[in-house]
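Presented below is the structure to which this report refers.
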Amino acid sequence: RAHKTDETDAAMAMIERVERRFDLTPQRLIGDMAYGAAEVVGWLVEQKQIEPHVPVWDKSQRKDGTLSRSDFHWDAAADEYRCPQDHALRRERRQFKTPRAHITKADTILYRATHADCAACPLKPRCCPNTPTRKIPRSIHEDARDVARRVAKTEGYKQSRRDRKKVEVLFAHLKRIL
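Per the numbering used here, numbering through the sequence shown is continuous, rising by one, with the last residue being 180.
In structure tokens, the structure reads:
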């Protein structure tokens, strides 16, 4: 929801139209950063099983000297992040009578540290200097985004990027002429 554009809506509609009309499903999708939004990558990987050859739209790296999300370790089995001091950041700390999804409007789940852990932590000035505790948003499509990050490290991805540039040059040339 947060980053999907008309361009990505069109790509999703185009893929579905090709599947319906021609019974074809692409093995990979090559695109620019607009296709790297979490919702689109999630749709490609989770629903369509299409390998995403797109750069992942990622704003988790901090530029102010504080710790970024990549400084925390994700433990999928425990459904929690671990900070550099090995404290747990969890989506919930107690059981609710009515189960909650904990999904925000931006399709993320917030993982939070406890006040006691953060207050006594020697890394607090580098971790969360302006807030009492640290919280980390995790996209509901983060597993699919991890697939796209792994694909981005392959030779096939590098070739896809080169191929995409060639096609873009041709389209720019045609657009200028026509």
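Yeah, the Cβ is synthetic: ideal placement off N, Cα and C, and Gly gets one too. Treat the numbers as computed from the prediction; the structure is a model and nothing was measured.
For residue i, the first and last residue of its enclosing beta strand (DSSP E)
i: GLU82; result: 82 to 84
i: ALA90; result: 90 to 92
Residue i - containing alpha helix (DSSP H), residue span
i: ASP165; result: 157 to 179
i: ARG71; result: Counting along the chain, ARG71 falls outside any alpha helix (DSSP H), and DSSP gives it neither H nor E.
i: LYS126; result: 126 to 129
i: CYS120; result: 117 to 121
i: GLU1; result: Any property of residue 1 remains undetermined from this structure, which presents the chain solely from 3 to 180.
i: VAL58; result: VAL58 -> no alpha helix (DSSP H), and no H or E assigned at all.
i: VAL149; result: 144 to 153
Nearest candidate by alpha-carbon position, reference residue i, set the options
i: ASP34; options: LEU112, LYS167, LEU180; result: LYS167
i: GLY38; options: MET14, THR68, TRP76; result: MET14
i: ILE138; options: LEU125, SER70, ARG147, PRO101; result: SER70
i: GLY67; options: CYS130, VAL153, VAL169; result: CYS130
i: LYS50; options: LYS99, LYS126, MET16; result: MET16
i: THR135; options: GLU18, ALA115, VAL42, PRO54; result: ALA115
i: ASP165; options: GLU41, PRO57, ILE32; result: ILE32
i: ARG30; options: VAL42, PRO54, LYS99, ARG95; result: PRO54
i: GLU144; options: ARG23, ILE105, ASP11; result: ILE105
i: VAL42; options: ARG19, ASN132, PRO101, ASP11; result: ASP11
6 angstroms CB neighbourhood of residue i in its chain, flanking five on each side removed
i: THR27; result: GLU21
i: CYS85; result: PHE74
i: ALA4; result: In this prediction, ALA4 scores a pLDDT of 46, lower than 50, which makes its location untrustworthy; the coordinate-derived value is nonetheless stated afterwards. So the list reads ALA108, once near-sequence residues are dropped.
i: VAL149; result: VAL47
i: ALA146; result: VAL43, GLY44, VAL47, GLU48
Beta bridge counterpart(s) of residue i as assigned by DSSP
i: GLU53; result: ARG30
i: LEU112; result: PRO139
i: ASP77; result: GLU82
i: ILE105; result: ILE111
beta-carbon residue i near the ligand PLP non-hydrogen atom, thresh 8 angstroms
i: ARG84; result: The ligand content of the structure shown is nil, which means the ligand PLP is not present either.
Beta-carbon proximity list for residue i, same chain, < 7 angstroms, skipping 5 on both sides
i: ARG178; result: none
i: ASP8; result: none
i: VAL153; result: GLU53, PRO54, HIS55, TYR159
Own chain, CB closer than 8 angstroms to residue i, minus 5 neighbours either side, in chain order
i: ARG151; result: VAL58
i: SER72; result: SER62, GLN63
- Query: Would the region 109 to 127 and the region 88 to 97 be scored as touching if the rule is three or more Cβ pairs under 8 angstroms?
  - Reply: yes
For the pair the region 60 to 72 and the region 160 to 173, tell me if three or more CB-CB distances fall below 8 angstroms. no
Does the pairing of the region 75 to 82 with the region 46 to 60 give three or more beta-carbon distances under 8 angstroms?
-> no
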